[in-house]
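Chemist: To convert, note that position 176 of the sequence shown is 177 in this note's numbering; the numbers rise steadily by one, no gaps.
Beta carbons are placed, not taken as given, at the ideal position from N, Cα and C, and that holds for glycine.
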Amino acid sequence: MHGSCGLTELSYSSIMKKTSRLGLLALALSGLAATGHAEDRRTLTLSTYAVSQPGFERYVYTPFRAKCGCNLVVETGNNADRIAKLDARRQNQVVDMVLFSDFGMLEAARKGLVQPLDYGRLKNYDDLEPFAKDPVGGKFAVGYTAYSVGLVYRSDKLPAVTSWKDLWSPALKGRVAMPDITTTQGPLTLHMAEVSWGGTSPSYATGMDKVLANRGNVVTFVKNSAQLAALFAQDEIWLAPVPRFVWAQMTKSGMPLKWASPKEGQAAGLNVMGIVAGSKNADLAYQLMDFWLSKEVQTALALNMIDSPVNKSVTLPKEIAEVSTYGEEQMASLKFVKPDTILANRAGWVDAWNKGMAR
């Protein structure tokens, strides 16, 4: 989640006061941490996504460095590139802790690149949503944020959208965008197509056939979700699957847009944490994990529209909750795609997609 959601000056000020505690923590503890020589401190290396790094620096990295009295180095990149780096360094690992999508972590686990976790070392583990606990099996991961993918529509052009099947409406020919299969949202949308059209194949064969058959309705298959706001603003599309974190940006556009609640539910993705096999700083990695999962940090990230919380003790104001994957109603509607389903079918999906698009 990024951007602003049109809060009033008063409510925004109130929220900022709450999140300033982490900044004060960093300042208060930095003096204590600075009493040791920098060269004597241990260094924890984190591998993560490039997105939202300024926010993570402010609300996670800086206060954690002050709290642990250690150095924290951050490497960034996408799932595939970072897994390849871990594999190449297998005999002499540099990274200690990794953040991946759930299917990225499962792939890393199957390659022996991450180690099983001792959940007893995470004080905040019991406060997590059930889906964030052991999300890939084998105790290789813990979830730190979830996001939903739902339907957003132009409310001045369309009546209320109630089903994912509306993406196939003849009345919307040339007014629909859908995600490319190679994006994170691609398999999630494919899953909802399978569910909506009554398919039962573990490879989502029905969903794939339906999506490919819908090419005539689709203006573009987007490869970057940031494109969606521009497509709506330019009146090129009236309906599209949209990740919740992009919806936060869209709400400040002034466009007459609404988030639909399809009867089939919403697709959902999960980002997770793990510890690299052979890490020499696993104890520091556990400390950072627990800090990241704490009510205080999860609240700060949510209030600043960086990540939706998975810690159930977090309470969000209405303005923020409306653009977050948060609350009983949202959680009940989430339809997660199993990470092993993505790994088992990814190559086949891309092949079928490329052949279908070439026809």
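Once DSSP output is grouped into helix, strand and coil, what is the label at residue 155?
Modeler: Strand at residue 155.
Chemist: Could you have a look at residue 47 and say whether DSSP puts it in helix, strand or coil?
Modeler: Residue 47 falls in the strand class under three-state DSSP.
Chemist: Could you say which of 289, 49, 305 lies nearest to residue 71 if we only look at CA atoms?
Modeler: It is 289 whose Cα lies nearest to the Cα of residue 71.
Chemist: Look up residue 337 in the DSSP assignment and give the residues it is bridged to.
Modeler: Answer is 269.
Chemist: Report yes if the CB atom of residue 103 is closer than 8 Å to the CB atom of residue 298, and no otherwise.
Modeler: Cβ atoms of residue 103 and residue 298: not closer than 8 Å.
Chemist: Check residue 205 in the structure and name its three-state DSSP category.
Modeler: Coil.
Chemist: Rounded to a whole number of angstroms, what is the C-alpha to C-alpha distance between residue 123 and residue 49?
Modeler: Roughly 20 Å separates the two Cα atoms.
Chemist: Hey, is residue 227 close to the ligand NAD, as in C-beta under 7 Å from one of its heavy atoms?
Modeler: Ligands are entirely absent from the displayed structure, and the ligand NAD is therefore not among its contents.
Chemist: Can you have a look at residue 225 and say buried or exposed, based on whether 16 or more other CB atoms are within 10 angstroms of its CB?
Modeler: By the 10 Å Cβ count, residue 225 comes out exposed.
Chemist: Please list the segments of the beta strand (DSSP E) lying wholly inside the segment 76-146, counting only runs of 3 or more residues, in order along the chain.
Modeler: Correct list: 98-102.
Chemist: For the segment 230-304, which segments carrying the beta strand (DSSP E) assignment without a break, of at least 3 residues, lie completely within its bounds, in sequence order?
Modeler: Listed in chain order, they are 240-244, 258-260, 267-277.
Chemist: Are the beta-carbon atoms belonging to residue 66 and residue 282 less than 8 Å from one another?
Modeler: No, Cβ-Cβ distance for residue 66 and residue 282 is not below 8 Å.
Chemist: In the DSSP assignment, what are the bridge partners of residue 223?
Modeler: In the DSSP output, where bridge partners are listed per residue, residue 223 has 180.
Chemist: Could you pull out every residue in the same chain whose Cβ sits closer than 6 Å to the Cβ of residue 34, ignoring the five residues on either side in sequence?
Modeler: In this predicted model, residue 34 has a pLDDT of only 44, less than 50, meaning its place in the structure is not dependable; the value taken from the coordinates is given anyway. Counting only Cβ-Cβ distances below 6 Å, and skipping sequence neighbours, we find 67, 70.
Chemist: Could you tell me whether the Cβ atoms of residue 152 and residue 263 are closer together than 8 Å?
Modeler: The answer is yes: Cβ separation under 8 Å.
Chemist: Assuming residue 107 and residue 318 make a contact with CB atoms under 8 Å, what is their CB distance in whole Å?
Modeler: With a Cβ gap of about 35 Å, residue 107 and residue 318 do not count as contacting.
Chemist: How many whole angstroms separate the CB atoms of residue 219 and residue 251, which I take to be in contact at a CB cut-off of 8 Å?
Modeler: Their Cβ separation, rounded to whole angstroms, is 19 Å, which puts residue 219 and residue 251 out of contact at 8 Å.
Chemist: Mind checking whether residue 313 and residue 58 have CB atoms under 8 Å apart?
Modeler: The answer is no: Cβ separation not under 8 Å.
Chemist: Can you check DSSP and say which residues form a bridge with residue 73?
Modeler: 45.
Chemist: Whose C-beta lies closer than 8 Å to the C-beta of residue 110 among residues of the same chain, with five residues either side of it excluded?
Modeler: Excluding sequence neighbours, residue 110 sits near 137, 139, 141, 142, 275.
Chemist: Evaluate the contact criterion for the segment 203-214 versus the segment 343-353: three or more CB pairs, one atom per stretch, below 8 Å.
Modeler: At 8 Å Cβ cutoff, the stretches touch.
Chemist: Look up residue 355 in the DSSP assignment and say whether it is helix, strand or coil.
Modeler: It is helical.
Chemist: How is residue 213 classed by DSSP in three states: helix, strand or coil?
Modeler: Of the three classes helix, strand and coil, the one that applies to residue 213 here is helix, per DSSP.
Chemist: State the DSSP-derived secondary structure class of residue 314, mapped to helix, strand or coil.
Modeler: Coil.
Chemist: For residue 96, which option in 166, 285, 302, 168 has the closest C-alpha, if you only look at C-alpha atoms?
Modeler: For the residues 166, 285, 302, 168, the minimum Cα distance to residue 96 belongs to 285.
Chemist: Quick check on this structure: which residue in 280, 306, 166, 171 has the alpha carbon closest to the alpha carbon of residue 60?
Modeler: Selected option, being the one with the closest Cα: 306.
Chemist: Which residues in the same chain have their Cβ closer than 8 Å to the Cβ of residue 280, if we skip the five residues on either side of it in sequence?
Modeler: Same-chain partners within the cutoff: 94, 96, 97, 98, 116, 286.
Chemist: Compare the beta carbon distance of residue 278 and residue 114 with 8 Å and say whether it is the shorter of the two.
Modeler: Contact flag set, yes.
Chemist: Closest to residue 248 by C-alpha separation, out of 149, 215, 54, would be which residue?
Modeler: The candidate whose alpha carbon is nearest that of residue 248 is 149.
Chemist: Taking Cβ positions, are residue 239 and residue 189 nearer each other than 8 Å?
Modeler: No, they are not a contact pair.
Chemist: Should residue 161 be labelled buried (16 or more other beta-carbon atoms within 10 Å of its own) or exposed?
Modeler: So residue 161 ends up on the exposed side.
Chemist: Using the DSSP secondary-structure output, state which residues sit across from residue 148 in a beta bridge.
Modeler: Bridge partners of residue 148: 270.
Chemist: Between residue 174 and the rest of its own chain, which residues show a CB-CB distance below 6 Å, the 5 nearest in sequence each way excluded?
Modeler: Around residue 174: 218.
Chemist: Assign residue 28 to one of two classes, buried (16 or more other C-beta atoms within 10 Å of its C-beta) or exposed (fewer than that).
Modeler: Caution is warranted here: a pLDDT of 48 is assigned to residue 28, below 50, making its placement in the model unreliable, and the coordinate value is therefore given only provisionally. That one is exposed.
Chemist: Thinking C-beta only, is residue 154 closer than 8 Å to residue 1?
Modeler: Lying outside 2 to 360, the shown extent of the chain, residue 1 is not represented and no answer is given.
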